[in-house]
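So the structure is just underneath, and the comments pick up after that.
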Amino acid sequence: SQKIEQNSEALNIQEGKTATLTCNYTNYSPAYLQWYRQDPGRGPVFLLLIRENEKEKRKERLKVTFDTTLKQSLFHITASQPADSATYLCALEGGGSSNTGKLIFGQGTTLQVKP
Amino acid sequence: DTGVSQNPRHKITKRGQNVTFRCDPISEHNRLYWYRQTLGQGPEFLTYFQNEAQLEKSRLLSDRFSAERPKGSFSTLEIQRTEQGDSAMYLCASSFGGGSNQPQHFGDGTRLSIL
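Top to bottom, those sequences are chains A and B. Note that the numbering used here numbers the first sequence so that position 24 is 171, with each residue one more than the last. Note that the numbering used here numbers the second sequence so that position 48 is 109, with each residue one more than the last.
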């Protein structure tokens with residue numbers, strides 16, 4: 148069966164360190180993978196999108212990698228700050244093609260950055 | 062860009078009652094998606110529209126659920142004869158164009174509580 152898995156345990160790190168979050172998937176062949184941030188009581192906010200032919204994508208302090216052989220994406224936040232504390236969700240195309248936009252989300256990993 | 066707006070933000074109702082939620086997407090976005098999210102889980106896809114046409118419904122969407130997007134603008138999601146298991150956050154998202162290569166812009170959701 149198709150699955151998307153993220154670390155269900157919260158990740159606690161010290162301010163200034165690099166946070167690394169993992170997204171593993173099985174029985175998917177996504178052309179794209181997206182990462183979102185969600186704060187309590189709010190809707191998800193889009194952060195980054197990476198294509199299957201891209202190994203790495205960067206935006207400011209954020210970096211995403213996409214390994215289609217390992218079926219894994221890693222999400223890094225460098226020089227983390229307490230304001231980065233949130234739940235981070237990865238998402239894949241859940242339809243038969245890449246045209247539906249029907250996203251299937253992982254369960255999210257909660258990041259807590261301590262000052 | 063005023064963002065995606067959802068109303069009401071919270072709805073408390075008794076089991077068996079009907080409820081209706083509204084979503085106003087970003088005005089130039091032709092795709093509109095509905096998701097449901099329970100505590101500790103990622104959003105689950107329910108249905109989506111391309112302009113006014115409803116293109117796909119999840120198996121999660123029983124016949125008690127109906128969604129509309131008249132004139133391809135705002136959308137409503139109605140739940141009839143609510144049950145305890147319907148308690149969740151209902152999220153709406155919109156995008157310009159379709160496909161998983163487009164970021165989705167989410168509203169802050171309607172939290173439904175069934176007494």
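Each residue gets a CB set at the ideal place from its N, CA and C atoms; glycine is no exception. Source: prediction; values computed, not measured.
Tell me which residues share the same chain as residue i and place their Cβ nearer than 8 Å to its Cβ, disregarding the 5 neighbours each side in the sequence.
i: F135/B; result: R83, C84, D85 and P86
i: Y179/A; result: L196, I197, R198, E199, L239, E240 and S245
i: I160/A; result: A166, S227, L258, Q259, V260 and K261
In whole angstroms, what is the alpha-carbon distance linking residue i and residue j?
i: E89/B; j: N79/B; result: 31 Å
i: T167/A; j: D231/A; result: 12 Å
i: C237/A; j: Q181/A; result: 6 Å
i: T74/B; j: I140/B; result: 11 Å
i: Q98/B; j: G163/A; result: 32 Å
i: K72/B; j: G241/A; result: 29 Å
i: Y151/B; j: N171/A; result: 25 Å
i: L209/A; j: Q219/A; result: 17 Å
i: T215/A; j: N154/A; result: 19 Å
i: D169/B; j: P191/A; result: 8 Å
i: Q107/A; j: D124/B; result: This structure cannot speak to residue 107/A, because chain A is shown only from 148 to 262.
i: P187/A; j: T108/B; result: 24 Å
i: N68/B; j: C153/B; result: 10 Å
i: S66/B; j: N112/B; result: 17 Å
i: T171/B; j: G133/B; result: 21 Å
i: L122/B; j: I251/A; result: 15 Å
i: T256/A; j: W95/B; result: 22 Å
i: F106/B; j: L116/B; result: 13 Å
i: F110/B; j: F167/B; result: 15 Å
i: L173/B; j: Q259/A; result: 27 Å
i: R205/A; j: L194/A; result: 10 Å
i: S155/B; j: L158/A; result: 30 Å
Based on DSSP bridge pairs, tell me the residues matched to residue i.
i: D85/B; result: S66/B
i: S220/A; result: C170/A and F213/A
i: Y175/A; result: Paired residues: none, contrary to the question.
i: Q259/A; result: N159/A
i: F252/A; result: A238/A
i: S127/B; result: E139/B
Kindly list, in the order they appear in chain B, the residues whose Cβ is closer than 8 Å to that of residue i.
i: T247/A; result: Y109, L116, E117, G159, G160 and S161
Which chain A residues are close to residue i, counting only those with a beta carbon under 7 Å from its beta carbon?
i: G133/B; result: Correct list: empty, because the minimum Cβ distance to chain A is about 16 Å.
i: Y151/B; result: Those do not exist, as Y151/B stays about 10 Å from chain A at its closest Cβ, beyond 7 Å.
i: S123/B; result: Per Cβ cutoff of 7 Å: no residues; S123/B is ~18 Å from chain A at best.
Check the Cβ of residue i against every Cβ in chain A and list those closer than 8 Å, keeping chain order.
i: F106/B; result: G241, K249, L250 and I251
i: R92/B; result: G248
Using a Cβ-Cβ cut-off of 7 Å (strictly less than) and excluding sequence neighbours within five positions of residue i, which residues of its own chain qualify?
i: F157/B; result: E89, H90, N91 and Q163
i: G103/B; result: none
i: Q254/A; result: Q153 and S155
Starting from the beta carbon of residue i, find every residue of chain B whose beta carbon is closer than 9 Å, and list them in chain order.
i: A178/A; result: G160, S161 and N162
i: G163/A; result: Here the premise fails: no neighbours, minimum Cβ distance about 29 Å.
i: Q94/A; result: Here chain A covers residues 148 to 262 and nothing more, so residue 94/A does not appear.
So which residues on chain B does residue i lean against when the C-beta distance must stay under 7 Å?
i: L236/A; result: G103
i: Q254/A; result: G101, Q102 and G103
Just the chain A side, please: which residues come within less than 9 Å of residue i by C-beta, in chain order?
i: D169/B; result: G188, R189 and G190
i: Q165/B; result: Q181, Y183, P191, F193, A238, G248 and L250
Note down, in chain order, each residue of its chain lying with its Cβ closer than 6 Å to the Cβ of residue i, except the 5 sequence neighbours on either side.
i: I175/B; result: R76, T143, Q145, D147 and S148
i: T212/A; result: E203 and L221
Checklist entry - Quick check: the stretch 223 to 239 of chain A against the stretch 123 to 131 of chain B, are there 3 or more CB pairs under 8 Å? => result Proximity of the stretch 223 to 239 of chain A to the stretch 123 to 131 of chain B falls short of the contact definition, fewer than three beta-carbon pairs being nearer than 8 Å.
Next on the checklist: Counting beta carbon pairs with one atom in the stretch 138 to 149 of chain B and one in the stretch 182 to 189 of chain A, are three or more of them shorter than 8 Å?
Outcome noted: no
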